[in-house]
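Trainee: Here it is, the structure, as structure tokens.
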């Protein structure tokens with residue numbers, strides 16, 4: 024182990040992998056890097072808010088598995104925004120058999136990212152419009168036991184955790200724009 028200023032510096036696989044996954048490629052504007060790194064952080068509070076419900080006494084096994092899966096899948100989907108600024112969004116990583124080292128066509132990343140940004144923007148905007156109208160996305164009245172109907176700290180926590188999702192689509196759109204622009208000019 025090496026030391027810097029008498030402090031040990033770890034150089035393990037985890038640190039190397041973390042750096043490789045998050046390190047932006049040349050030409051990524053600072054604002055795009057910030058936006059890409061912010062995307063998973065906009066999704067994290069909602070996922071964390073949902074997890075206690077998975078362990079509620081009234082939940083069945085299927086519902087528990089769904090809640091945990093939804094939280095993890097949302098975070099993984101949000102994490103892919105970082106691929107739009109990192110090397111693994113331009114070149115297939117070495118651990119992928121048969122494709123390792125091949126360049127990723129710009130459209131193969133940009134089209135799904137742009138579609139995702141559009142869907143997320145429409146979905147979360149519609150969800151919040153419905154929320155403030157007092158109905159679900161299906162148009163049914165919001166249940167009486169829903170956190171925003173209960174009020175107090177439950178409503179405040181819900182809003183604090185779910186409002187950042189309004190940024191997911193626009194941030195992804197901005198990062199996608201930067202990705203396409205950089206790849207086209209590069």
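Numbering (this note's numbering), first residue to last: 24 to 209.
The beta carbon of each residue, even a glycine, is placed where N, CA and C say it ideally should be.
As the structure is a computational prediction, the values presented were derived from the model and not from experiment.
1. Is the segment 64-75 in contact with the segment 88-96, if contact means three or more CB pairs nearer than 8 Å?
2. Let me know the secondary structure DSSP gives residue 158 once reduced to three states.
3. Would you check if there are 3 or more beta carbon pairs closer than 8 Å linking the segment 110-124 to the segment 164-174?
4. Tell me the residue span of the alpha helix (DSSP H) that contains residue 192.
5. What is the DSSP secondary structure of residue 115, reduced to helix, strand or coil?
6. Just mark residue 27 as buried or exposed, buried being the case when its beta carbon has 16 or more other beta carbons within 10 Å.
7. Distance check for residue 41 and residue 99, CA to CA, integer angstroms please.
8. What does the Cβ neighbour count give for residue 142, buried or exposed, with the cut at 16 atoms within 10 Å?
9. Count the other CB atoms within 10 Å of the CB of residue 179; is the residue buried (16 or more) or exposed (fewer)?
10. Alpha carbon to alpha carbon, how far is residue 182 from residue 103?
11. By how many angstroms is the C-alpha of residue 153 removed from the C-alpha of residue 83?
12. Roughly how many angstroms lie between the CA atoms of residue 174 and residue 157, to the nearest whole one?
13. Leaving out five residues on either side along the sequence, give the residues of the same chain with a beta carbon under 8 Å from the beta carbon of residue 57.
14. At what residues does the alpha helix (DSSP H) containing residue 97 begin and finish?
15. Using the three-state DSSP reduction, which class does residue 63 fall into: helix, strand or coil?
16. Nearest-angstrom Cα distance between residue 80 and residue 90?
17. By Cβ distance, which residues of its chain are closer than 6 Å to residue 101, with the 5 residues on each side in sequence left out?
18. Looking at C-alpha atoms only, which residue of 151, 69, 106 and 54 is the closest neighbour of residue 43?
Mentor: From the atom records:
1. yes
2. As a first step, residue 158 must be located in the chain shown, where it is residue number 135. Strand, per DSSP.
3. no
4. The residue given as residue 192 occupies position 169 in the chain shown. Unbroken alpha helix (DSSP H) run through residue 192: 188-208.
5. Against the chain shown, residue 115 aligns to sequence position 92. Coil at residue 115, not helix or strand.
6. Mapped onto the chain shown, residue 27 falls at position 4. Residue placement at residue 27 is poorly supported in this model, since its pLDDT is 49, which falls under 50; the coordinates still yield a value, given next. Flag for residue 27 reads exposed.
7. As a first step, residue 99 is located in the chain shown; it is residue number 76 there, counting from the start. As a first step, residue 41 is located in the chain shown; it is residue number 18 there, counting from the start. For residue 99 and residue 41, the distance between alpha carbons rounds to 15 Å.
8. As a position in the chain shown, residue 142 is number 119, starting the count at 1. Burial call: exposed.
9. Taking the first residue of the chain shown as position 1, residue 179 is located at position 156. The residue is exposed, with fewer than 16 neighbouring Cβ atoms inside 10 Å.
10. For this step, residue 182 is matched to residue 159 along the chain shown. For this step, residue 103 is matched to residue 80 along the chain shown. The alpha-carbon atoms of residue 182 and residue 103 are separated by roughly 25 Å.
11. Against the chain shown, residue 83 aligns to sequence position 60. Against the chain shown, residue 153 aligns to sequence position 130. Straight-line Cα distance between these residues: approximately 28 Å.
12. As a working note, residue 174 is residue 151 in the chain shown. As a working note, residue 157 is residue 134 in the chain shown. So the alpha carbons of these two residues sit roughly 13 Å apart.
13. Looking up residue 57 in the chain shown gives position 34. Within the same chain, residue 57 has no close Cβ partners at all.
14. Counting from one through the chain shown, the residue named residue 97 turns up at place 74. Taken as a continuous stretch (DSSP letters only), the alpha helix (DSSP H) holding residue 97 covers 84-102.
15. Translated into the one-based positions of the chain shown, residue 63 becomes position 40. The answer is helix: DSSP assigns residue 63 an H, G or I state.
16. Looking up residue 80 in the chain shown gives position 57. Looking up residue 90 in the chain shown gives position 67. Their Cα atoms are separated by approximately 14 Å.
17. Counted from its first residue, the chain shown places residue 101 at position 78. Around residue 101: 62, 63 and 66.
18. Taking the first residue of the chain shown as position 1, residue 43 is located at position 20. Residue 43 has its Cα closest to that of 106, out of 151, 69, 106 and 54.
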